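Single-structure report; data block below.
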Amino acid sequence: MDIVICGCGEVGGHAAEVLAQQGHNITVIDQKALRLRKIEDTLDVRTLTGNCADASVLIEAGASRADLLLAATSSDEVNLLSATIAKGVGVEKSIARVHHRAYFDQRGIDYMHHLGIDQVICPEYSAALEIARTLRNPGALAIENFAQGRIEMQEFPVDPASKAVGKSLIDLALPSGSRLAAITRSGQAFIPKATTIIEPEDTIILVGNSQVFQDTRKIFRSRKELSRKKIVIMGGVSMAVWLCRNLLDRNFSVRLFESDRARAEELAQKLDWVTVIQADPTEIPVFEEEHLADADSFVSMVDDDEHNILGCALAKSRGIPEVIAVVQRSNYIHLFEHVGINRAFSPRQTAVKEILNVIDTSPLKWMASLAEGIIDVYRVLVSETSEVVGSPLKDVPLAPNWVVVALQREDKVRVPSAMDVLESGDTVLVVGKHGMEKGLKKIFSGS
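Sequential numbering of the sequence shown, starting at 49, is according to our numbering.
In C-alpha coordinates:
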(Lines of atoms letter the chains of each structure in order from A; the text may use other names.)
(Lines give C-alpha, C1' and ligand atoms only; values in the text may rest on other atoms or scores of the structure.)
Protein backbone atom coordinates (compact mmCIF):
# COMPACT_ATOMS: atom_id res chain seq x y z
CA MET A 49 0.00 0.00 0.00
CA ASP A 50 1.01 3.63 -0.55
CA ILE A 51 0.74 5.36 2.84
CA VAL A 52 1.29 9.00 3.83
CA ILE A 53 2.03 9.72 7.50
CA CYS A 54 1.66 13.27 8.83
CA GLY A 55 3.87 13.84 11.85
CA CYS A 56 7.03 12.06 12.92
CA GLY A 57 6.57 11.94 16.68
CA GLU A 58 6.06 8.89 18.91
CA VAL A 59 2.98 7.55 17.10
CA GLY A 60 3.87 8.65 13.56
CA GLY A 61 7.46 7.43 13.83
CA HIS A 62 6.48 4.07 15.30
CA ALA A 63 3.75 3.62 12.68
CA ALA A 64 6.26 4.38 9.92
CA GLU A 65 8.66 1.79 11.35
CA VAL A 66 6.05 -0.98 11.60
CA LEU A 67 4.41 -0.28 8.24
CA ALA A 68 7.75 0.02 6.40
CA GLN A 69 8.81 -3.34 7.84
CA GLN A 70 5.63 -4.83 6.38
CA GLY A 71 6.67 -3.66 2.91
CA HIS A 72 4.37 -0.66 2.47
CA ASN A 73 5.53 2.44 0.56
CA ILE A 74 5.73 5.17 3.21
CA THR A 75 5.98 8.95 2.86
CA VAL A 76 6.42 10.93 6.09
CA ILE A 77 5.62 14.66 6.36
CA ASP A 78 6.84 16.84 9.23
CA GLN A 79 7.70 20.50 9.70
CA LYS A 80 10.89 19.62 11.59
CA ALA A 81 13.66 18.59 9.19
CA LEU A 82 15.78 17.16 12.03
CA ARG A 83 13.10 14.58 12.87
CA LEU A 84 12.90 13.55 9.24
CA ARG A 85 16.67 13.15 8.95
CA LYS A 86 16.64 10.81 11.95
CA ILE A 87 13.96 8.60 10.42
CA GLU A 88 15.70 8.62 7.02
CA ASP A 89 18.81 7.19 8.70
CA THR A 90 16.95 4.15 10.04
CA LEU A 91 14.02 3.45 7.70
CA ASP A 92 13.46 3.00 3.97
CA VAL A 93 10.88 5.79 3.68
CA ARG A 94 10.40 8.95 1.65
CA THR A 95 10.25 12.23 3.63
CA LEU A 96 8.88 15.69 2.95
CA THR A 97 9.28 18.85 5.03
CA GLY A 98 6.08 20.89 5.16
CA ASN A 99 2.71 21.71 6.68
CA CYS A 100 0.48 18.64 6.81
CA ALA A 101 -2.67 20.79 6.54
CA ASP A 102 -1.52 22.33 3.24
CA ALA A 103 -3.25 20.64 0.30
CA SER A 104 -0.28 21.30 -2.00
CA VAL A 105 2.06 19.55 0.45
CA LEU A 106 -0.30 16.56 0.69
CA ILE A 107 -0.51 16.34 -3.09
CA GLU A 108 3.30 16.52 -3.37
CA ALA A 109 3.50 13.69 -0.82
CA GLY A 110 1.26 11.57 -3.05
CA ALA A 111 -1.95 11.72 -1.02
CA SER A 112 -4.09 12.02 -4.16
CA ARG A 113 -3.14 8.48 -5.19
CA ALA A 114 -2.39 6.99 -1.76
CA ASP A 115 -4.31 4.15 -0.16
CA LEU A 116 -4.09 5.64 3.34
CA LEU A 117 -3.20 8.85 5.15
CA LEU A 118 -2.45 8.81 8.87
CA ALA A 119 -2.53 12.23 10.55
CA ALA A 120 -0.49 11.90 13.75
CA THR A 121 0.98 15.32 14.54
CA SER A 122 0.92 16.75 18.08
CA SER A 123 -2.11 18.94 17.19
CA ASP A 124 -5.61 17.44 17.12
CA GLU A 125 -6.89 20.28 14.96
CA VAL A 126 -4.11 19.84 12.39
CA ASN A 127 -4.76 16.09 12.32
CA LEU A 128 -8.50 16.49 11.71
CA LEU A 129 -7.90 19.13 9.06
CA SER A 130 -5.16 17.11 7.34
CA ALA A 131 -7.32 13.98 7.27
CA THR A 132 -10.33 15.76 5.76
CA ILE A 133 -8.21 17.67 3.20
CA ALA A 134 -6.57 14.38 2.22
CA LYS A 135 -10.01 12.92 1.48
CA GLY A 136 -10.68 16.00 -0.63
CA VAL A 137 -7.55 15.49 -2.75
CA GLY A 138 -8.33 11.81 -3.32
CA VAL A 139 -6.81 9.55 -0.65
CA GLU A 140 -8.76 6.30 -0.30
CA LYS A 141 -8.77 6.19 3.54
CA SER A 142 -7.78 8.71 6.19
CA ILE A 143 -7.16 8.25 9.92
CA ALA A 144 -6.80 11.10 12.42
CA ARG A 145 -5.09 10.59 15.77
CA VAL A 146 -6.50 12.85 18.53
CA HIS A 147 -5.69 13.48 22.19
CA HIS A 148 -8.75 15.33 23.44
CA ARG A 149 -11.99 13.66 24.39
CA ALA A 150 -14.11 16.35 22.69
CA TYR A 151 -13.01 15.13 19.27
CA PHE A 152 -13.41 11.46 20.08
CA ASP A 153 -16.48 10.64 22.16
CA GLN A 154 -19.06 12.19 19.76
CA ARG A 155 -21.16 13.73 22.55
CA GLY A 156 -21.37 17.13 20.88
CA ILE A 157 -20.77 16.22 17.24
CA ASP A 158 -19.52 13.19 15.33
CA TYR A 159 -16.34 14.73 13.93
CA MET A 160 -15.42 11.61 12.00
CA HIS A 161 -18.59 11.56 9.89
CA HIS A 162 -19.01 15.34 9.78
CA LEU A 163 -15.51 15.80 8.34
CA GLY A 164 -15.62 12.72 6.11
CA ILE A 165 -12.75 10.96 7.90
CA ASP A 166 -12.69 7.16 7.86
CA GLN A 167 -11.38 6.66 11.41
CA VAL A 168 -10.56 8.78 14.46
CA ILE A 169 -8.30 7.08 17.01
CA CYS A 170 -7.27 8.14 20.50
CA PRO A 171 -4.47 5.85 21.73
CA GLU A 172 -4.53 7.29 25.26
CA TYR A 173 -8.25 6.59 25.59
CA SER A 174 -7.83 3.07 24.19
CA ALA A 175 -4.95 2.38 26.59
CA ALA A 176 -7.05 3.69 29.51
CA LEU A 177 -9.83 1.27 28.51
CA GLU A 178 -7.35 -1.62 28.46
CA ILE A 179 -6.04 -0.70 31.91
CA ALA A 180 -9.60 -0.43 33.25
CA ARG A 181 -10.40 -3.90 31.90
CA THR A 182 -7.29 -5.28 33.62
CA LEU A 183 -8.31 -3.72 36.94
CA ARG A 184 -11.93 -4.86 36.61
CA ASN A 185 -11.02 -8.43 35.78
CA PRO A 186 -8.56 -9.98 38.24
CA GLY A 187 -7.69 -13.55 37.40
CA ALA A 188 -8.31 -13.15 33.67
CA LEU A 189 -5.90 -15.29 31.64
CA ALA A 190 -6.59 -13.27 28.48
CA ILE A 191 -8.57 -10.13 27.67
CA GLU A 192 -9.49 -9.30 24.08
CA ASN A 193 -11.81 -6.69 22.64
CA PHE A 194 -13.24 -6.21 19.18
CA ALA A 195 -15.20 -3.60 17.21
CA GLN A 196 -13.47 -0.71 19.04
CA GLY A 197 -14.15 -2.19 22.46
CA ARG A 198 -17.87 -2.82 21.96
CA ILE A 199 -17.40 -6.60 22.20
CA GLU A 200 -15.30 -8.06 25.04
CA MET A 201 -13.85 -11.55 25.28
CA GLN A 202 -12.12 -13.04 28.30
CA GLU A 203 -10.65 -16.34 29.34
CA PHE A 204 -10.71 -16.98 33.10
CA PRO A 205 -11.14 -19.83 35.60
CA VAL A 206 -14.53 -20.39 37.19
CA ASP A 207 -14.37 -19.66 40.90
CA PRO A 208 -15.34 -22.84 42.80
CA ALA A 209 -17.37 -20.64 45.18
CA SER A 210 -19.39 -18.98 42.42
CA LYS A 211 -23.12 -19.54 41.98
CA ALA A 212 -22.53 -20.96 38.48
CA VAL A 213 -20.93 -24.21 39.67
CA GLY A 214 -23.23 -27.20 39.34
CA LYS A 215 -25.69 -25.41 37.06
CA SER A 216 -26.35 -25.81 33.35
CA LEU A 217 -26.13 -22.88 30.95
CA ILE A 218 -29.88 -22.96 30.42
CA ASP A 219 -30.41 -22.66 34.19
CA LEU A 220 -27.93 -19.79 34.47
CA ALA A 221 -29.89 -17.78 31.86
CA LEU A 222 -26.98 -15.51 30.93
CA PRO A 223 -27.94 -11.89 30.18
CA SER A 224 -28.91 -11.07 26.59
CA GLY A 225 -25.85 -9.87 24.69
CA SER A 226 -23.48 -12.40 26.24
CA ARG A 227 -22.37 -15.93 25.45
CA LEU A 228 -20.18 -18.61 26.95
CA ALA A 229 -18.11 -19.44 23.87
CA ALA A 230 -15.92 -22.30 25.08
CA ILE A 231 -14.91 -24.34 28.12
CA THR A 232 -11.54 -25.92 28.89
CA ARG A 233 -11.89 -28.94 31.18
CA SER A 234 -9.07 -31.38 32.04
CA GLY A 235 -6.95 -30.00 29.20
CA GLN A 236 -9.70 -30.39 26.58
CA ALA A 237 -11.54 -27.41 25.05
CA PHE A 238 -15.08 -27.65 23.69
CA ILE A 239 -18.08 -25.53 22.70
CA PRO A 240 -20.74 -25.94 25.40
CA LYS A 241 -24.40 -26.80 24.84
CA ALA A 242 -27.37 -25.39 26.74
CA THR A 243 -27.34 -28.50 28.94
CA THR A 244 -23.61 -28.31 29.78
CA ILE A 245 -23.00 -28.23 33.56
CA ILE A 246 -20.37 -25.80 34.90
CA GLU A 247 -17.73 -27.58 37.01
CA PRO A 248 -15.37 -26.09 39.65
CA GLU A 249 -12.14 -26.57 37.67
CA ASP A 250 -13.49 -25.20 34.37
CA THR A 251 -11.78 -22.37 32.52
CA ILE A 252 -14.21 -20.48 30.31
CA ILE A 253 -14.12 -18.08 27.37
CA LEU A 254 -16.85 -15.50 27.84
CA VAL A 255 -18.04 -13.05 25.16
CA GLY A 256 -20.40 -10.13 25.57
CA ASN A 257 -21.19 -6.59 24.58
CA SER A 258 -19.59 -3.99 26.82
CA GLN A 259 -22.90 -3.04 28.49
CA VAL A 260 -23.57 -6.48 30.00
CA PHE A 261 -20.15 -8.13 30.15
CA GLN A 262 -19.28 -7.31 33.76
CA ASP A 263 -22.68 -8.43 35.05
CA THR A 264 -22.27 -11.72 33.19
CA ARG A 265 -18.72 -12.23 34.49
CA LYS A 266 -19.89 -11.87 38.10
CA ILE A 267 -21.96 -15.05 37.71
CA PHE A 268 -18.74 -17.08 37.44
CA ARG A 269 -16.72 -15.28 40.13
CA SER A 270 -16.87 -15.23 43.96
CA ARG A 271 -18.06 -12.53 46.35
CA LYS A 272 -14.47 -12.00 47.51
CA GLU A 273 -13.40 -10.85 44.06
CA LEU A 274 -16.36 -8.48 43.90
CA SER A 275 -15.34 -6.64 47.08
CA ARG A 276 -14.27 -3.00 46.85
CA LYS A 277 -10.78 -2.54 45.37
CA LYS A 278 -8.39 0.21 46.43
CA ILE A 279 -6.69 1.79 43.41
CA VAL A 280 -3.81 4.30 43.47
CA ILE A 281 -3.07 6.31 40.31
CA MET A 282 0.12 8.36 39.95
CA GLY A 283 -0.15 11.23 37.47
CA GLY A 284 -3.02 13.52 36.52
CA VAL A 285 -2.67 13.22 32.75
CA SER A 286 -5.71 13.00 30.46
CA MET A 287 -5.35 9.22 30.36
CA ALA A 288 -5.77 9.16 34.15
CA VAL A 289 -9.05 11.08 33.81
CA TRP A 290 -10.36 8.54 31.29
CA LEU A 291 -9.25 5.69 33.55
CA CYS A 292 -11.07 7.20 36.54
CA ARG A 293 -14.23 7.60 34.49
CA ASN A 294 -14.03 3.96 33.46
CA LEU A 295 -13.71 2.94 37.12
CA LEU A 296 -16.77 4.94 38.19
CA ASP A 297 -18.70 2.38 40.20
CA ARG A 298 -19.04 1.20 43.78
CA ASN A 299 -16.39 -1.55 43.39
CA PHE A 300 -13.47 0.90 43.30
CA SER A 301 -11.99 3.35 45.76
CA VAL A 302 -9.65 5.55 43.72
CA ARG A 303 -6.91 7.90 44.93
CA LEU A 304 -5.22 10.06 42.30
CA PHE A 305 -1.85 11.72 43.03
CA GLU A 306 -0.84 14.84 41.09
CA SER A 307 2.16 17.01 42.06
CA ASP A 308 1.03 20.22 40.35
CA ARG A 309 -1.34 22.20 42.62
CA ALA A 310 -3.40 23.84 39.87
CA ARG A 311 -3.88 20.56 38.03
CA ALA A 312 -4.76 18.75 41.27
CA GLU A 313 -7.44 21.35 42.06
CA GLU A 314 -8.84 21.04 38.53
CA LEU A 315 -9.00 17.25 38.81
CA ALA A 316 -10.66 17.42 42.23
CA GLN A 317 -13.49 19.45 40.72
CA LYS A 318 -13.74 17.32 37.59
CA LEU A 319 -13.58 13.92 39.35
CA ASP A 320 -15.66 14.42 42.49
CA TRP A 321 -15.86 10.66 43.19
CA VAL A 322 -12.05 10.38 43.29
CA THR A 323 -9.79 11.39 46.20
CA VAL A 324 -7.27 13.74 44.55
CA ILE A 325 -4.06 14.33 46.53
CA GLN A 326 -1.48 16.96 45.62
CA ALA A 327 1.70 14.97 46.28
CA ASP A 328 4.25 12.64 44.71
CA PRO A 329 3.76 9.03 45.90
CA THR A 330 7.37 8.17 45.00
CA GLU A 331 8.42 10.21 48.05
CA ILE A 332 8.74 7.71 50.92
CA PRO A 333 7.05 9.92 53.56
CA VAL A 334 4.04 10.41 51.26
CA PHE A 335 3.86 6.70 50.50
CA GLU A 336 3.89 5.84 54.20
CA GLU A 337 1.60 8.64 55.43
CA GLU A 338 -1.06 7.70 52.87
CA HIS A 339 -0.74 3.98 53.71
CA LEU A 340 -0.34 3.15 50.02
CA ALA A 341 0.98 -0.33 50.81
CA ASP A 342 -2.64 -1.25 51.62
CA ALA A 343 -3.70 -0.63 48.01
CA ASP A 344 -4.75 -3.49 45.73
CA SER A 345 -3.40 -1.86 42.56
CA PHE A 346 -0.93 0.91 41.67
CA VAL A 347 -1.08 2.54 38.23
CA SER A 348 1.79 4.81 37.19
CA MET A 349 1.01 7.07 34.23
CA VAL A 350 3.02 10.30 34.41
CA ASP A 351 4.55 11.59 31.18
CA ASP A 352 8.08 10.64 32.29
CA ASP A 353 8.99 6.96 31.82
CA GLU A 354 11.84 7.07 34.35
CA HIS A 355 9.48 8.43 37.00
CA ASN A 356 7.02 5.66 36.16
CA ILE A 357 9.74 3.06 36.66
CA LEU A 358 10.60 4.57 40.06
CA GLY A 359 6.96 4.65 41.15
CA CYS A 360 6.30 1.08 40.05
CA ALA A 361 9.47 -0.27 41.66
CA LEU A 362 8.59 1.42 44.96
CA ALA A 363 5.00 0.14 44.88
CA LYS A 364 6.13 -3.41 44.14
CA SER A 365 8.82 -3.36 46.83
CA ARG A 366 6.24 -2.21 49.40
CA GLY A 367 3.96 -5.14 48.65
CA ILE A 368 1.22 -3.77 46.38
CA PRO A 369 0.12 -6.93 44.53
CA GLU A 370 -0.82 -5.42 41.15
CA VAL A 371 1.43 -2.78 39.60
CA ILE A 372 0.68 -1.32 36.15
CA ALA A 373 2.65 1.23 34.13
CA VAL A 374 2.12 3.36 31.05
CA VAL A 375 5.18 3.49 28.80
CA GLN A 376 5.71 6.25 26.25
CA ARG A 377 8.83 4.62 24.78
CA SER A 378 8.19 0.93 24.18
CA ASN A 379 11.92 0.10 24.38
CA TYR A 380 11.54 0.66 28.13
CA ILE A 381 9.09 -2.20 28.56
CA HIS A 382 11.87 -4.69 29.41
CA LEU A 383 12.93 -2.46 32.33
CA PHE A 384 9.45 -2.71 33.83
CA GLU A 385 9.59 -6.49 33.56
CA HIS A 386 12.91 -6.54 35.46
CA VAL A 387 11.44 -4.67 38.44
CA GLY A 388 8.42 -6.99 38.60
CA ILE A 389 5.74 -4.84 36.97
CA ASN A 390 2.61 -6.88 36.21
CA ARG A 391 1.57 -5.06 33.03
CA ALA A 392 2.93 -2.23 30.88
CA PHE A 393 0.82 -0.37 28.32
CA SER A 394 2.16 1.69 25.42
CA PRO A 395 -0.23 4.19 23.77
CA ARG A 396 1.85 4.26 20.61
CA GLN A 397 1.69 0.46 20.30
CA THR A 398 -2.06 0.69 20.86
CA ALA A 399 -2.27 3.28 18.06
CA VAL A 400 -0.36 1.12 15.60
CA LYS A 401 -2.54 -1.88 16.46
CA GLU A 402 -5.66 0.16 15.65
CA ILE A 403 -4.11 1.43 12.41
CA LEU A 404 -3.24 -2.11 11.31
CA ASN A 405 -6.84 -3.19 11.96
CA VAL A 406 -8.12 -0.35 9.76
CA ILE A 407 -5.86 -1.13 6.81
CA ASP A 408 -6.29 -4.90 7.00
CA THR A 409 -9.02 -5.59 4.43
CA SER A 410 -8.44 -9.34 4.17
CA PRO A 411 -11.72 -11.32 4.32
CA LEU A 412 -10.31 -13.74 6.93
CA LYS A 413 -8.10 -12.61 9.79
CA TRP A 414 -6.76 -14.48 12.81
CA MET A 415 -7.40 -12.34 15.90
CA ALA A 416 -6.30 -14.27 18.99
CA SER A 417 -5.30 -17.62 20.45
CA LEU A 418 -6.81 -18.80 23.74
CA ALA A 419 -6.91 -21.90 25.94
CA GLU A 420 -3.15 -22.44 25.57
CA GLY A 421 -3.42 -22.48 21.77
CA ILE A 422 -6.34 -24.91 21.54
CA ILE A 423 -8.89 -22.21 20.65
CA ASP A 424 -8.51 -19.61 17.89
CA VAL A 425 -10.56 -16.49 17.19
CA TYR A 426 -11.11 -15.31 13.60
CA ARG A 427 -12.75 -12.26 12.05
CA VAL A 428 -14.49 -13.27 8.81
CA LEU A 429 -16.18 -11.21 6.09
CA VAL A 430 -19.34 -12.73 4.61
CA SER A 431 -18.90 -12.62 0.82
CA GLU A 432 -21.78 -12.00 -1.58
CA THR A 433 -20.83 -15.31 -3.25
CA SER A 434 -21.23 -17.30 -0.04
CA GLU A 435 -24.07 -19.80 0.14
CA VAL A 436 -24.85 -18.72 3.72
CA VAL A 437 -26.08 -15.26 2.66
CA GLY A 438 -29.75 -15.10 3.61
CA SER A 439 -29.45 -18.01 6.06
CA PRO A 440 -30.04 -17.82 9.82
CA LEU A 441 -27.00 -18.74 11.92
CA LYS A 442 -28.66 -21.97 13.05
CA ASP A 443 -28.48 -23.20 9.44
CA VAL A 444 -24.83 -22.24 8.82
CA PRO A 445 -22.88 -25.52 8.45
CA LEU A 446 -20.23 -24.84 11.11
CA ALA A 447 -18.24 -27.73 12.52
CA PRO A 448 -19.31 -28.86 16.04
CA ASN A 449 -16.37 -27.05 17.65
CA TRP A 450 -16.99 -23.66 16.00
CA VAL A 451 -19.38 -20.91 17.05
CA VAL A 452 -20.20 -17.38 15.83
CA VAL A 453 -19.98 -15.10 18.87
CA ALA A 454 -20.35 -11.63 17.33
CA LEU A 455 -21.95 -10.10 14.25
CA GLN A 456 -21.10 -6.66 12.85
CA ARG A 457 -23.28 -5.04 10.19
CA GLU A 458 -22.05 -1.64 9.05
CA ASP A 459 -21.46 0.26 12.32
CA LYS A 460 -23.62 -1.92 14.59
CA VAL A 461 -22.26 -4.95 16.44
CA ARG A 462 -23.95 -7.49 18.72
CA VAL A 463 -23.78 -10.99 20.13
CA PRO A 464 -26.18 -12.78 17.74
CA SER A 465 -28.89 -15.34 18.31
CA ALA A 466 -29.39 -18.53 16.30
CA MET A 467 -32.12 -16.76 14.30
CA ASP A 468 -29.97 -13.85 13.08
CA VAL A 469 -29.84 -13.89 9.26
CA LEU A 470 -26.49 -13.27 7.54
CA GLU A 471 -26.16 -10.61 4.86
CA SER A 472 -23.44 -9.92 2.31
CA GLY A 473 -20.86 -7.59 3.85
CA ASP A 474 -21.45 -8.75 7.42
CA THR A 475 -18.40 -9.42 9.58
CA VAL A 476 -18.57 -12.31 12.04
CA LEU A 477 -16.31 -13.29 14.92
CA VAL A 478 -15.83 -17.06 15.06
CA VAL A 479 -14.40 -19.03 17.99
CA GLY A 480 -13.31 -22.63 17.61
CA LYS A 481 -10.67 -25.34 17.64
CA HIS A 482 -7.29 -24.48 16.14
CA GLY A 483 -6.95 -25.08 12.39
CA MET A 484 -10.27 -23.87 11.00
CA GLU A 485 -9.10 -21.38 8.36
CA LYS A 486 -9.81 -23.54 5.32
CA GLY A 487 -13.31 -24.42 6.47
CA LEU A 488 -14.18 -20.82 7.30
CA LYS A 489 -13.06 -19.64 3.86
CA LYS A 490 -15.27 -22.23 2.20
CA ILE A 491 -18.35 -21.34 4.27
CA PHE A 492 -18.18 -17.55 4.37
CA SER A 493 -16.19 -16.66 1.24
CA GLY A 494 -17.59 -19.26 -1.12
CA SER A 495 -14.06 -20.33 -2.10
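We put the beta carbon where it would ideally sit given N, CA and C, even for glycine. As the structure is a computational prediction, the values presented were derived from the model and not from experiment.
Paired residues, beta bridge with residue i - DSSP
i	result
N73	D50
R303	V280, T323
D78	T97
Q456	V461, T475
A190	E203
T251	P205, T232
V469	P440
K413	R427
S226	G256
Simplified DSSP state of residue i, which is helix, strand or coil
i	result
S234	coil
F261	helix
D424	strand
D166	coil
S130	helix
A419	helix
G256	strand
G204	Per the sequence presented here, residue 204 reads as Phe, with Gly not at that position. Strand.
D297	coil
P369	coil
S104	helix
Q196	coil
T433	coil
K135	helix
G55	coil
G60	helix
K481	strand
I246	coil
V213	coil
V375	coil
Close-in-space but distant-in-sequence residues of the same chain around residue i (CB under 6 Å, 5 per side omitted)
i	result
C170	V146, F152
I107	V137
A190	E203, L418
V469	P440
P205	T251
A188	Q202, F204
I279	F300, V302, S345
Extent of the continuous alpha helix (DSSP H) to which residue i belongs
i	result
W290	286 to 294
L315	309 to 318
L217	217 to 220
S174	171 to 184
L446	First-last for L446: undefined, no H or E at that position.
L488	485 to 488
Cα-Cα separation between residue i and residue j, rounded to whole angstroms
i	j	result
T433	H72	30 Å
M349	A175	11 Å
P240	N185	23 Å
R227	V463	7 Å
E125	I423	43 Å
I324	R366	Residue 324 is actually Val in this sequence, not Ile. In a straight line, the C-alpha of V324 is about 21 Å away from that of R366.
E471	P445	16 Å
L67	S431	27 Å
A454	M287	29 Å
I332	L340	10 Å
V93	F261	43 Å
I407	K460	19 Å
F346	H355	14 Å
H482	A101	47 Å
I199	H62	27 Å
Q70	A209	48 Å
E313	V371	26 Å
heavy atom of the ligand FAD below 7 Å from residue i C-beta
i	result
E178	Ligands in the displayed structure: none, and consequently the ligand FAD is not present.
Span of the beta strand (DSSP E), counted from its first residue to its last, around residue i
i	result
V334	Run containing V334: none in the beta strand (DSSP E); it sits in the alpha helix (DSSP H), 332 to 337.
S142	141 to 145
R391	391 to 393
A119	116 to 119
V350	Element bounds for V350: n/a, residue is neither H nor E.
Cut-off 7 Å between Cβ atoms - residues of its own chain near residue i, not counting five sequence neighbours on either side
i	result
N294	A176, L177, A180
T243	S216, I218
V437	V430, L470, E471, S472
Cut-off 8 Å between Cβ atoms - residues of its own chain near residue i, not counting five sequence neighbours on either side
i	result
S234	E249
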